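Below: the structure, in structure tokens.
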Amino acid sequence: MDGSEERLEAYLRQQEHKELLRFITCGSVDDGKSTLIGRLLYEGKMLFEDQLASLKTESAKVGTQGGELDFALLVDGLAAEREQGITIDVAYRFFATDKRKFIVADTPGHEQYTRNMATGASTADLAIILGDVHRSRELLTQTRRHTYICSMLGIKKLVLAVNKMDLVGYDQAVFAAYTAKYIAFAKQLGIEDVACIPISALLGDNVVAPSPHMPWYHGPALLPYLETVEFAPQEEKRPFRMPVQWVNRPNADFRGYAGTIVSGTIRQDDRVKVLPSEQEAIVTQIVTADGNLPAAISGQAVTLVLDRDIDVSRGDLVCDHQHPVPIADQIVARLLWMAPEEMLPGRTYLIKVGATTTEVTVTSLKHKININTLEHTAGKTLALNEIGVCNLSLAKAIPFAPYAESRELGGFILIDRVTNQTVGMGLLDFPLRRATNIHWQELDVSRESRALQKGQKAAVVWFTGLSGSGKSTIAVALEKRLFSLGRHSYILDGDNVRHGLNRDLGFTDADRVENIRRVAEVARLMADAGLIVIVSFISPFRSERRMARELIGHGEFVEIFVDTPLEVCESRDPKGLYRKARKGQIPNFTGISSAYEAPENPEIRLETGAQSVEESVEQLIAHLSGSGTLKV
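Just so we're aligned, residue -10 is where the sequence shown starts under the numbering used here, counting upward by one.
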């Protein structure tokens, strides 16, 4: 081993035992976040020669004034970021000083990329909030939003870096006024620990060393503060908890449950409880890649072997048998919406909590939070970057801990079931009481028995299509035909239902989702009674039709797409609705000012522009007969 390898090995051993601080930089657009990190790395002599050479070359390409280095280029790695002069993605950088190791996340300031900022904040111990006092002496909305998200995610230690002091003449009064406003806002969020540092990221004032331009500031420069700040809470004696990520069964003689311990300590011979089944067992082995251990602590990835076979699967939680966490399917949560399309109560999404993924519905939005005033405001939906408190209804009960107690067991993301995109993130707070005192009442007469009594199989025949496509006409004709065959059926028609059950709903996307949710529940109950249920609704969204299919069951749900071109529907227009919609007199009209998502794989497609009502009914009867629905 030559001298250079020995020095490298010694350096790595030295770094291994240093404390690691994870922090983020955030704030509004052009506050100087990327420049600050670049200056921090440069002034702290934490750049390799090739990085410095590349920085000089790239700075020359973008044409900085006076040939100065553009420090933002060190972290703005995407071509789009350099072209637009903004940060889009989260850029992570590792560096170390003699005192501490750091991982810094440079997060976007633009509202469009708030979701990326929240991602960076989710693992941070500390946040640096930048404020541009040259642009505004007031706190900008995005600065407030980022501070709120930091508090929401449990970051209680903040640094307010008041930037561009050089452009305000290093004026102490400007600094004092700005910091007073920020500290007052932070206190409203319960944040008491805010270090305020006046800086110029571009010129390096108070970044690594005290600035001679601000002799009135007696606190530390930014880097010395980061090197010495106490951030890591002492390991609390929290109960043992480990989400199961994988059932490890390499052969018939071994079964273990693998995961990363999120809190507490586990020892061989400890008694544990598995949630949600609430079964208990004794830990007989703690297996790792380096061999068996007598004990393991928070942060370690292990495989636990139990003394008896119990039902354990991915997403279950192994915990101290004396300190289990709540199990619930109805939970109050705080939600940050991250998608351009608004959040719609009643729509089914996927929720991912740790290793658990299941279906979830936002049953109600309790209130929104005004970022500027922190007031609670009413609303039915959440738009991009809005934050609210809501009730969640999960498809199954899950074990969880409030986010205030555990990031790992209380944080979640919401996923759109159609696009598979992450649309929201949030924090679980507490279970609703009704989640534990409602039980399913078992009945003695089955739906199969009820249908058999009627000489048929239960089914839900779901018509979807544009207004004027012919849904109701064909549905009425189908019911008459079924009646003549001695079958028991009933029509749920869109207009008729809105006179009663759904009279409180309008035609916004949120109300349309709730409209279909209620009808699907009613159709399920009627199918449970053994009926052939004919549903005639525009039902414009694939997500809700999928929800109805899954609620009722694939074997009993028949999707009928009444595929009539828009121009044909408009030419019929018996109610004059299209004419009014074209004039703007009817907002949110499907096909004109509101989207219609055509079925991709319906059981039956009826082209009413080319076939008669009678031909359509015959096609439906043939399908129902072939599927056994009309059996005697």
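Don't be surprised by glycine CBs; every beta carbon is placed ideally from N, CA and C.
It should be emphasised that the depicted structure is a prediction, and the values quoted were computed from it without experimental measurement.
Which ranges would you report for the beta strand (DSSP E) in the stretch 370 to 410 if only whole runs of at least 3 residues count?
-> 376 to 388, 400 to 404
Could you please give the first and the last residue of the uninterrupted beta strand (DSSP E) stretch that includes Gln319?
-> The residue given as residue 319 occupies position 330 in the sequence shown. Per DSSP, Gln319 belongs to the beta strand (DSSP E) from 316 to 326.
Near Arg531, which residues of its chain fall below 8 Å by C-beta distance, leaving aside the five closest residues on each side in sequence?
-> Taking the first residue of the sequence shown as position 1, residue 531 is located at position 542. These residues qualify, in order along the chain: Val407, Glu586, Pro588, Glu589.
Gln268 - containing beta strand (DSSP E), residue span = Locating residue 268 in the sequence shown gives position 279, where the first residue counts as 1. Looking at the DSSP string, the run of the beta strand (DSSP E) that includes Gln268 is 268 to 277.
Among Asp155, Met106, Leu9, Val122, the one whose alpha carbon lies nearest that of Phe83 = Taking the first residue of the sequence shown as 1, we reach residue 83 at position 94. The shortest C-alpha separation from Phe83 is found at Leu9.
Sequence-distant residues of its chain with Cβ nearer than 6 Å to Leu371 (five each side left out) | In the sequence shown, the residue the question calls residue 371 occupies position 382. The residues are Trp326, Met332, Gly377.
The stretch 118 to 126 contacting the stretch 345 to 355, beta-carbon criterion three pairs below 8 Å = no
Per DSSP, Arg238 is paired with what?
-> Position 249 of the sequence shown holds residue 238. In DSSP, Arg238 forms no bridge with anything.
Out of curiosity, what's the CA-to-CA distance linking Cys139 and Arg89?
-> In the sequence shown, counting from the first residue as 1, residue 139 sits at position 150. In the sequence shown, counting from the first residue as 1, residue 89 sits at position 100. Going by the C-alpha atoms only, they are around 23 Å apart.
How big is the Cα-Cα spacing for Asp259 and Val272?
-> Counted from its first residue, the sequence shown places residue 259 at position 270. Counted from its first residue, the sequence shown places residue 272 at position 283. Taking the straight line from one Cα to the other gives about 6 Å.
Under the DSSP definition of a beta bridge, which residues are partnered with Leu348?
-> To locate residue 348, count along the sequence shown from 1; it is residue 359. A quick correction: the sequence has Glu, not Leu, at residue 348. Paired residues: Leu339.
Cβ neighbours of Asp300 in the same chain (closer than 6 Å, five flanking residues each side left out) = For the purposes of this step, residue 300 is taken as the residue at position 311 of the sequence shown. Ser266.
Whether Ala317 touches Ile387 by CB criterion (9 Å) = Locating residue 317 in the sequence shown gives position 328, counting from the first residue. Locating residue 387 in the sequence shown gives position 398, counting from the first residue. A contact, by the Cβ cut-off of 9 Å.
Extent of the continuous alpha helix (DSSP H) run through Glu548 | One-based indexing of the sequence shown puts residue 548 at position 559. Not the alpha helix (DSSP H): Glu548 falls in the beta strand (DSSP E), residues 546 to 551.
What's the call for Leu191, buried or exposed, on a 16-neighbour Cβ count within 10 Å?
-> Counting from 1 along the sequence shown, the entry for residue 191 is found at position 202. Label assigned to Leu191: buried.
Candidates Ile117, Ala285, Ile593, Cys185: closest to Ile230 by CA position | In the sequence shown, the residue the question calls residue 230 occupies position 241. Reading the sequence as shown, one finds Arg at residue 230 and not Ile. Comparing Cα positions, the closest option is Ala285.
Within 10 angstroms of its Cβ, does Trp451 collect 16 or more other Cβ (buried), or is it exposed?
-> By one-based count along the sequence shown, residue 451 stands at place 462. It is buried - the Cβ of Trp451 has at least 16 other Cβ atoms within 10 Å.
Taking all protein chains shown into account, decide if Gly573 is buried (16 or more other Cβ within 10 angstroms of its Cβ) or exposed.
-> Along the sequence shown, one-based indexing puts residue 573 at 584. Counting Cβ neighbours within 10 Å, Gly573 comes out exposed, since fewer than 16 surround it.
Which class does Lys620 belong to by DSSP, given the choice of helix, strand or coil?
-> Translated into the one-based positions of the sequence shown, residue 620 becomes position 631. Of the three classes helix, strand and coil, the one that applies to Lys620 here is coil, per DSSP.
Arg230: first and last residue of the uninterrupted alpha helix (DSSP H) it sits in | One-based indexing of the sequence shown puts residue 230 at position 241. That residue, Arg230, is in no alpha helix (DSSP H); its beta strand (DSSP E) goes 230 to 232.
CB of Leu540 within 9 Å of CB of Ala509, strictly | Numbered from its first residue, the sequence shown carries residue 540 at position 551. Numbered from its first residue, the sequence shown carries residue 509 at position 520. Closer than 9 Å, so yes.
Do Leu142 and Gly400 have their CB atoms nearer than 9 Å?
-> As a working mapping, residue 142 is identified with position 153 in the sequence shown. As a working mapping, residue 400 is identified with position 411 in the sequence shown. A contact, by the Cβ cut-off of 9 Å.
Top-ranked residue by Cα proximity to Ile144, from Ala169, Ala116, Leu295, Val307 = Your numbering for residue 144 matches position 155 in the sequence shown. Selected option, being the one with the closest Cα: Ala116.
Determine the burial state of Asn485: buried for a count of at least 16 other Cβ atoms within 10 Å of its Cβ, exposed for fewer.
-> Here residue 485 corresponds to residue number 496 of the sequence shown, with the count starting at 1. By the neighbour-count rule (16 or more Cβ atoms within 10 Å), Asn485 is not buried but exposed.
Minimum C-alpha distance to Ala516 - residue among His477, Arg501, Leu490 | Reading the sequence shown from its first residue, position 527 is the one you call residue 516. Checked all of His477, Arg501, Leu490; the closest Cα to Ala516 is His477.
For Ser583, which residues does DSSP report across the bridge?
-> Position 594 of the sequence shown, counting from 1, holds the residue named residue 583. In the DSSP output, where bridge partners are listed per residue, Ser583 has Thr579.
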